[in-house]
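In this note's numbering, the protein residues as written are 20 to 251. Ideal Cβ positions, reconstructed from N, Cα and C, are used throughout, including at glycine.
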Amino acid sequence: MIKKVFKFLLKMIGWFFAISIALVIVFKWIPVPATPLMVIRTVQQATSGEDVVWKHDWESIDNISKNLQLAVICSEDQNFLNHHGFDMKAIEKAIEHNKKSKRTRGASTISQQTAKNVFLWPHRSWLRKGLETYFTFLIELFWSKERIMEVYLNSIEMGNGIYGAEAAAQHWFKKPAAKLTSYQAAAIAAVLPSPMRYRANPASAYIQGRQVWIVRQMGFFGKLDYNKKDDK
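What follows is the structure in structure tokens.
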């Protein structure tokens, strides 16, 4: 009986690795049609009697403004082009900060956020964190940095029922994602830590402050060039 259970568990683990690796390879080439969070939000809206909102229009990274690509890097993960999925310096700083402050600070990279958004559920747990680490390793192994950014900007929640750069640009500024200015891109990036709470337009004083800071960081960062720093 114990041997049968052991064999069954080994088969399940084997299937998990095979399916997860296959999914990562498939999504290297094809658009991600939906994420677990999109489904969860839709169910929440439907069960609570709210209007169901699901706006998600996949766009090639060539049709997403470089301003937005740069804005999310400067806002969320300034070392994105240099790390391999995990920013160890940011993690160390977050640990030290969390020891001294009641307000928890995270250190998730864009790669980690992409892994979580595409393959996992939003609620925090040690299991999810472990799986997030595993999927982050996989996408860094099989995808380029440009592909990670493309999937990130097409999958991330950017408002109530608003997913991805194109839907966000149309919702907040009534224009395609390709036409976003640096300040509009910075406004969208500014709400990402809490897109259900904040608005990109009209922006609150707090979001305006973050917007100005992000634009300043974009100026310091300079031109965004994936090929220069990404050797995949």
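- For M237, count neighbouring C-beta atoms within 10 Å of its own C-beta (all shown protein chains included) and say buried if the count is 16 or more, exposed if not. Counting from 1 along the sequence shown, the entry for residue 237 is found at position 218. By the 10 Å Cβ count, M237 comes out buried.
- Task: Would you please state the rounded distance, in angstroms, between the beta carbons of M177 and I207? I believe it to be under 8 Å.
- Result: Taking the first residue of the sequence shown as 1, we reach residue 177 at position 158. Taking the first residue of the sequence shown as 1, we reach residue 207 at position 188. Indeed they touch by this definition, with Cβ atoms about 6 Å apart.
- Task: Please name the residue in N220, K135 and K23 whose C-alpha comes closest to that of G149.
- Result: By 1-based counting over the sequence shown, the position of residue 149 is 130. Of the listed residues, the one whose Cα sits closest to G149 is K135.
- Task: Could you tell me which uninterrupted alpha helix (DSSP H) segments, each at least 4 residues in length, are contained entirely in the stretch 32-67, listed from first to last along the chain?
- Result: 55-66
- Message: If you measure between the beta carbons of Y245 and E165, is that distance less than 8 Å?
- Response: Taking the sequence shown and counting its residues from 1, the one referred to as residue 245 is at position 226. Taking the sequence shown and counting its residues from 1, the one referred to as residue 165 is at position 146. Yes, the Cβ-Cβ distance between Y245 and E165 is below 8 Å.
- Item | 8 Å contact criterion, which A205 and V234 should meet: CB distance rounded | Counting from one through the sequence shown, the residue named residue 205 turns up at place 186. Counting from one through the sequence shown, the residue named residue 234 turns up at place 215. Going by Cβ atoms, the distance from A205 to V234 rounds to 5 Å, so yes, they are a contact pair.
- Message: Using DSSP's beta-bridge definition, name the partner residues of I181.
- Response: In the sequence shown, counting from the first residue as 1, residue 181 sits at position 162. K74 and G178.
- For L160, the nearest candidate out of P55, K47 and C93 (CA to CA): For this step, residue 160 is matched to residue 141 along the sequence shown. Comparing Cα positions, the closest option is K47.
- N-terminal and C-terminal residue of the alpha helix (DSSP H) that Y225 is part of: Within the sequence shown, numbered from 1, the residue matching residue 225 stands at position 206. Segment A224 to F240, the alpha helix (DSSP H) holding Y225.
- Task: Measure the CB-CB distance between K74 and G228 and report whether it falls below 8 Å.
- Result: The sequence position of residue 74 within the sequence shown is 55, counting from 1. The sequence position of residue 228 within the sequence shown is 209, counting from 1. No.
- Would M31 be called buried (16 or more neighbouring beta carbons within 10 Å of its own) or exposed? Position 12 of the sequence shown holds residue 31. By the beta-carbon neighbour count (other beta carbons within 10 angstroms, threshold 16), M31 is exposed.
- Are T57 and Y182 touching if we call contact CB-CB under 8 Å? Here residue 57 refers to the residue found at position 38 of the sequence shown. Here residue 182 refers to the residue found at position 163 of the sequence shown. Residue identity check: residue 57 is Met in the sequence provided, not Thr. Yes, the pair counts as a contact, with Cβ atoms nearer than the cut-off.
- Query: In angstroms, rounded to a whole number, what distance separates the CA positions of G241 and L29?
  - Reply: Working through the sequence shown from its first residue, we reach residue 241 at position 222. Working through the sequence shown from its first residue, we reach residue 29 at position 10. So the alpha carbons of these two residues sit roughly 49 Å apart.
- Helix or strand or just coil, what does DSSP make of D249? Position 230 of the sequence shown, counted from the start, is the residue given in the question as residue 249. For D249, the predicted structure reports a pLDDT of 46, less than 50, and the residue's modelled location is therefore unreliable. The matter cannot be settled from this model.
- Query: DSSP three-state call for K112: helix, strand or coil?
  - Reply: Taking the sequence shown and counting its residues from 1, one reaches residue 112 at position 93. DSSP places K112 in helix when its eight states are reduced to three.
- Cα separation between N173 and E115? By one-based count along the sequence shown, residue 173 stands at place 154. By one-based count along the sequence shown, residue 115 stands at place 96. Their backbone Cα atoms lie some 33 Å apart in a straight line.
- Would you kindly report the start and end of the unbroken alpha helix (DSSP H) that includes Q97? Indexing the sequence shown from 1 puts residue 97 at position 78. Where Q97 is concerned, there is no enclosing alpha helix (DSSP H), given that its DSSP letter is neither H nor E.
- Roughly how many angstroms separate the alpha carbons of S213 and A184, rounded to a whole number? If you number the sequence shown from 1, residue 213 lands on position 194. If you number the sequence shown from 1, residue 184 lands on position 165. Using only the alpha carbons, I get a separation of about 16 Å.
- If you count every other CB in all the chains shown that lies within 10 Å of the CB of A65, and 16 or more means buried, which is it? The residue labelled residue 65 in the question sits at position 46 within the sequence shown. With fewer than 16 other Cβ atoms within 10 Å, it is exposed.
- Local Cβ density within 10 Å of N86, reported as buried at 16 or more and exposed below that: Walking along the sequence shown from the start, residue 86 turns up at place 67. So N86 ends up on the buried side.
- Query: Roughly how many whole angstroms lie between the Cα atoms of Q274 and F25?
  - Reply: Residue 274 cannot be examined here, being either before or after the span of the chain that is shown, 20 to 251.
- Item | Helix, strand or coil at M20 according to DSSP, with G and I counted as helix | What you label residue 20 is simply residue 1 of the sequence shown in a count that begins at 1. M20 falls in the coil class under three-state DSSP.
- By Cβ distance below 7 Å, which residues in the same chain neighbour T200 in space, the five residues on each side in sequence not counted? Position 181 of the sequence shown, counted from the start, is the residue given in the question as residue 200. Contacts found: N86.
- For I193, which three-state DSSP category applies? Here the question's residue 193 lines up with position 174 in the sequence shown. Checking the sequence shown, residue 193 turns out to be Lys, not Ile. If DSSP states are grouped into helix, strand and coil, K193 belongs with coil.
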